[in-house]
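A quick write-up on the structure given underneath.
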Amino acid sequence: MRGIGAVVRGLLHALDGLRKTLHLLLLLLIFGTLLVASRGSVPLIPRSAALVLAPEGRIVEEVTGDPLQRAFERGTGAARDETRLRDLIEVVDRARDDDRIRALVLDLDELAGAGLPALQDLARSIGWFREAGKKVYAWGESFDQRQYYLAAHADEVYLDPFGYLLLEGYGYYRTYLRGTLDKLDVDLHVFKVGSHKSAADTFTRSDMSAEDREQSAIWLGALWDGYRNDVASARKLEPALIQAYADEAAPAIRAVGGDLAQYALARGLVDGLKTREEFEQLVATVAGQDDDTGSFKAVGWGPYLAELRSERLLARRGEEGIDVIVAAGEILDGEQPPGTVGGDTLASLLREARNDETTAAVVLRIDSPGGSMMASEVIRREVAALRAAGKPVVASMGTVAASGGYYIAMDADRIFAAPTTITGSIGVFAIIATFQRTLEKFGITNDGFGTTELAGAVRLDRELAPPAREILQASVEHAYRTFVDKVAQARQRRPEEIDGIAQGRVWSGEDARAAGIVDELGGVDEAVAEAARLAGLDEGYDVRWVEHHLNWQELLALRMQEAAARMAGSLLPRRIALPGLDAALTEARGLIALAEQGRPVYLCGCRVE
0 MRGIGAVVRG
10 LLHALDGLRK
20 TLHLLLLLLI
30 FGTLLVASRG
40 SVPLIPRSAA
50 LVLAPEGRIV
60 EEVTGDPLQR
70 AFERGTGAAR
80 DETRLRDLIE
90 VVDRARDDDR
100 IRALVLDLDE
110 LAGAGLPALQ
120 DLARSIGWFR
130 EAGKKVYAWG
140 ESFDQRQYYL
150 AAHADEVYLD
160 PFGYLLLEGY
170 GYYRTYLRGT
180 LDKLDVDLHV
190 FKVGSHKSAA
200 DTFTRSDMSA
210 EDREQSAIWL
220 GALWDGYRND
230 VASARKLEPA
240 LIQAYADEAA
250 PAIRAVGGDL
260 AQYALARGLV
270 DGLKTREEFE
280 QLVATVAGQD
290 DDTGSFKAVG
300 WGPYLAELRS
310 ERLLARRGEE
320 GIDVIVAAGE
330 ILDGEQPPGT
340 VGGDTLASLL
350 REARNDETTA
360 AVVLRIDSPG
370 GSMMASEVIR
380 REVAALRAAG
390 KPVVASMGTV
400 AASGGYYIAM
410 DADRIFAAPT
420 TITGSIGVFA
430 IIATFQRTLE
440 KFGITNDGFG
450 TTELAGAVRL
460 DRELAPPARE
470 ILQASVEHAY
480 RTFVDKVAQA
490 RQRRPEEIDG
500 IAQGRVWSGE
510 DARAAGIVDE
520 LGGVDEAVAE
530 AARLAGLDEG
540 YDVRWVEHHL
550 NWQELLALRM
560 QEAAARMAGS
570 LLPRRIALPG
580 LDAALTEARG
590 LIALAEQGRP
600 VYLCGCRVE
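Using numbering that gives the first Met the number 0, the first residue of the sequence shown is number 0, and each one after it goes up by one.
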């Protein structure tokens, strides 16, 4: 009997092993099917074609959300329209030397936003494409200010006869919630240092402060000067003509009978008025005719990028290289997804670079208005640790690197900024909301006993106790002195000098260089070159953009979620945003988030949208 039992147990064990094997094979089959279905095939590039560059939404340094979240949002129609800057630059740069690509077509109708430094970086690549002897064409049903900046750098710019070209300059207008908070009897306690530190004004004021108005006029003027000069140079016009196009629009448009397209043509901002069909026939003379569509032979920038990535997978990793690590978005504590800067998340990437023998230097690419001071300090320590390990760090500032964004840059060996980067805002504030008066309206009160003056001193349902106020203000002053001292140490200046240019003031990149808090003017390419020089690298080094890579379990979950999201997207209604409401709701959500903390929040942030 024992022998029979052993045989049975052996058979059961074998069957269980077979079951597990079949289960694994089934999972691998599902995974492979989803992987192939989601990736699709990389389309063939015609021997002669025009590359169509059509960014969607905002041009950003890093897309928002982790891959799983983005997959679900795409499927349900709630995806954020974003296009990564370095992807656009990569396809233009590679197409420049690709004999199959005869021309570049700028299709900018879906471009919804971008910072001026990002537009300048992309325009520079477009300029190099033209210098290679290849034509660049731009056409639009209409052009807003950001779209036209890129269009102006084309060889030929065309506008639909029923279209318009809008230049309105730069403005800085904020939604103020002081009146709303007063009506709700919300007490918002703000403790700050810095005469020009205006990030909390949204909650504490009902209008713009004199200091904020003063500094805004300076940095907005720098942005507009940069825009006017760049567009005028690209179109071979005088900058004054760009100014006049906006200032004289009302009478000048009336003089041409209200024809907005004719106004743009008369002022020399476009080369002609053409319908889409007429424009396509023009491009076909260079790129060739597509007999199937009747248009020109074209390849989209997305499929072209897919081909480049497939080639990159086959490329061999070099011995030594430079890691480019992106810090884009608000700086928050802990682990955070792309689109925000998690203190622990970014610190981990910097630590990996420090421990990676193939990383010779790091470029920290920053596009952040700041945020949590604690998270900023966690990141700064890792930057300092990289340098202590003998690995150079170069900070490269994008559209904005202010307050906490500057904090994480200041310990780099060198700091690069675009002339129109928004930086500085060296200052600190703490903020906490209490709702005791709001609750009293509903008959909700609070009472109790504490063994010290600090017991229950910081509660949402009680007035902030005087000792807590004193402690908070003292701690903010200490945080500001620490910020200033660290900048002074990093920049090899006296603290008194840094305090004189700090106080929460916002600077353009060009003014920041003059003030001595930025080393050089330039983009990420110049920062990479400087990092290579500091590391002593010869030509041919790798440049690696570092990002989180999914493991196979996450990748499987991603593919399954993409499929489920597509199914859900066909059933769920689409969300339609109410124009003009997003900004106010964003500010309100920020206040709610602060309330949920239930404690003081120390911030080094700068709002310049």
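For every residue, glycine included, the Cβ atom is placed at its ideal position computed from N, Cα and C.
Looking at the DSSP output, G56 bridges to L110. Annotation note: the stretch 222-303 contains the following uninterrupted alpha helix (DSSP H) runs of length 4 or greater, listed N- to C-terminal: 238-246, 248-254, 259-265 and 275-286.
Cβ neighbours of A260 within its own chain (closer than 6 Å, five residues either side excluded): L158, P160, G162 and L272. Here the C-alpha atom of F295 lies approximately 46 Å from the C-alpha atom of A408. Annotation note: the stretch 175-208 contains the following uninterrupted beta strand (DSSP E) runs of length 3 or greater, listed N- to C-terminal: 186-192.
In this structure, the CA atom of Y175 is about 19 Å from the CA atom of T437. One alpha carbon belongs to A416, the other to W218, and they sit about 14 Å apart. Between the alpha carbons of V91 and A137 lies a distance of about 14 Å. For R468, the three-state secondary structure derived from DSSP is helix. Membership of V457 in any alpha helix (DSSP H) is not indicated, and neither H nor E is assigned to it by DSSP. Cβ neighbours of D510 within its own chain (closer than 6 Å, five residues either side excluded): none.
Taking C-beta separations shorter than 8 Å and ignoring five residues to either side along the sequence, the partners of G170 in its chain run L219, following chain order. By the neighbour-count criterion, in which a residue is buried when 16 or more other Cβ atoms sit within 10 angstroms of its Cβ, L43 is exposed. Taking 9 Å as the cut-off, the Cβ atoms of G404 and P368 count as close. In its chain, beyond the 5 residues on either side, Y262 have a beta carbon closer than 6 Å to the beta carbon of I252. For D97, the closest of E306, A514 and Y244 by C-alpha to C-alpha distance is E306. The beta carbon of V156 is closer than 7 Å to those of A137, A150, V269 and D270 in its chain, skipping five residues each way along the sequence. Under the DSSP definition of a beta bridge, L103 partners with L50 and V135. Residue pairing from DSSP places S507 in a beta bridge opposite I421. Here S205 has Y175, R177 and G178 as same chain residues with Cβ atoms under 6 Å from its own Cβ, once five neighbours each way along the sequence are excluded. With contacts defined by Cβ atoms closer than 9 Å, H195 and G426 form a contacting pair. The DSSP-derived three-state label of A388 is coil. Contact annotation, F142 with L118: C-beta distance approximately 13 Å; criterion of less than 8 Å not satisfied.
Fewer than three beta-carbon pairs drawn from the stretch 419-435 and the stretch 335-352 are found closer than 8 Å, and the two stretches are therefore not classed as touching. Leaving aside the five residues that flank L52 on each side, the residues in its chain whose CB is nearer than 8 Å to its CB run, in chain order, L87, V90, V91, L103, V104, L105, D106 and W300. Look at V62 here: in three-state DSSP terms it is coil, with no helix or strand label.
Taking C-beta atoms under 8 Å as the contact rule, E546 and A327 fail to qualify, at a distance of about 11 Å. The Cβ atoms of R173 and T203 do not sit closer than 9 Å to each other.
In the structure shown, G370 adopts extended strand secondary structure according to DSSP, grouped into three states. Inclusion of S309 and T420 in the CB contact set at 9 Å is not warranted, their separation being larger than that value. Assignment of I431 by DSSP, reduced to helix, strand and coil, places it in the strand class. Around the C-beta of A478, 16 or more other C-beta atoms lie within 10 Å, and the residue is accordingly described as buried. Take the alpha-carbon of T344 and the one of P116: they are about 25 Å apart.
If you ignore the 5 residues before and after G168, its C-beta comes within less than 6 Å of the C-beta of W223 and A245, all in its own chain and listed in chain order. Around the CB of P418, 16 or more other CB atoms lie within 10 Å, so the residue is classed as buried. For L158, the enclosing beta strand (DSSP E) starts and ends at E155 to L158.
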